[in-house]
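Each residue of the sequence shown is one higher than the one before, counting from 16 in my numbering. Quick reminder that beta carbons are idealized off the backbone N, C-alpha and C, glycines included. Written below as structure tokens is the structure these notes are about.
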Amino acid sequence: MEHEATRVRLALNTYCRPFLLAPNFLGVWCPEGRNIRLACFDPDQLKAFDVAEVAGWFKQSSERIYSATAPIADFEIPLSLAAGTHKIETPSEFSTIDELIIPTSYKPMTQDDPAFALFVFYLQAGLVEVLPQKWFTAAQYKVGQQWITRAARDPESQRILGECFGVGTFLLEEDGCRLAEWIERS
Numbered sequence: 016m017e018h019e020a021t022r023v024r025l026a027l028n029t030y031c032r033p034f035l036l037a038p039n040f041l042g043v044w045c046p047e048g049r050n051i052r053l054a055c056f057d058p059d060q061l062k063a064f065d066v067a068e069v070a071g072w073f074k075q076s077s078e079r080i081y082s083a084t085a086p087i088a089d090f091e092i093p094l095s096l097a098a099g100t101h102k103i104e105t106p107s108e109f110s111t112i113d114e115l116i117i118p119t120s121y122k123p124m125t126q127d128d129p130a131f132a133l134f135v136f137y138l139q140a141g142l143v144e145v146l147p148q149k150w151f152t153a154a155q156y157k158v159g160q161q162w163i164t165r166a167a168r169d170p171e172s173q174r175i176l177g178e179c180f181g182v183g184t185f186l187l188e189e190d191g192c193r194l195a196e197w198i199e200r201s
């Protein structure tokens, strides 16, 4: 593989986020219809492909990930899960991850319902916690022009920090659902 180091092996479309999985795997999460998909790849097994194969493909396809090699493991979780903690079945390849926070759209029924949620995956434990962002509503924000791009847990306070495109960096209250403060405004 060293002699092919410049060859493309994996292409990610919009809204895909890669993450590391021990010992040497690559994880990717992305929306897949009304689900969140998590896929695991072994970089050493990925076959190279010509970029021409993928040119224009993403525009015509609803697929978010292009690879000449299938993932070694993947699973999907419905976006329709209710608030709270849910038991999930996860492939063993994901068991090295303690916590993975995935921001995603959440179907509001009214202008005042949460339009975004954080899905907090505790993959070692086989759990996902759904935290609707009660502060992020269509009445308060321009959904589609503003959205939560990423979130992580502060190791000291254990509270969730995040970034909202077009608005700024925020800190959530301890419940993980309400805005405590804006740390920085865009």
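Which stretch, first to last residue, makes up the alpha helix (DSSP H) that contains residue i?
{"i": "residue 67", "result": "66-69"}
Which class does residue i belong to by DSSP, given the choice of helix, strand or coil?
{"i": "residue 73", "result": "helix"}
{"i": "residue 170", "result": "coil"}
{"i": "residue 26", "result": "strand"}
{"i": "residue 191", "result": "coil"}
{"i": "residue 152", "result": "strand"}
Of all the options the options, which has the alpha carbon lying nearest to the alpha carbon of residue i?
{"i": "residue 131", "options": "192, 170, 114, 65", "result": "192"}
{"i": "residue 89", "options": "68, 36, 98, 64", "result": "36"}
{"i": "residue 22", "options": "65, 43, 185", "result": "65"}
{"i": "residue 202", "options": "53, 47, 30", "result": "Because the chain in this structure spans residues 16 to 201, residue 202 falls outside the shown range and cannot be described."}
{"i": "residue 91", "options": "176, 124, 134, 73", "result": "134"}
Name the one or two DSSP bridge partners that residue i has.
{"i": "residue 165", "result": "178"}
{"i": "residue 199", "result": "184"}
{"i": "residue 50", "result": "47, 93"}
{"i": "residue 132", "result": "119, 147"}
{"i": "residue 137", "result": "142"}
{"i": "residue 42", "result": "34, 55"}
For the beta strand (DSSP E) that contains residue i, what are its first and last residues?
{"i": "residue 32", "result": "32-36"}
{"i": "residue 61", "result": "Per DSSP, residue 61 belongs to no beta strand (DSSP E) and is neither H nor E."}
Residue i CB to nearest chain D CB: under 9 angstroms?
{"i": "residue 138", "result": "Looking for chain D here will not work: only one protein chain is present."}
### Query
Where are the beta strand (DSSP E) runs, 3 residues long or more, that stay fully inside the segment 76-123, in chain order?
If you keep only unbroken beta strand (DSSP E) runs of at least 3 residues inside the segment 76-123, you get 88-93, 99-102, 115-120.
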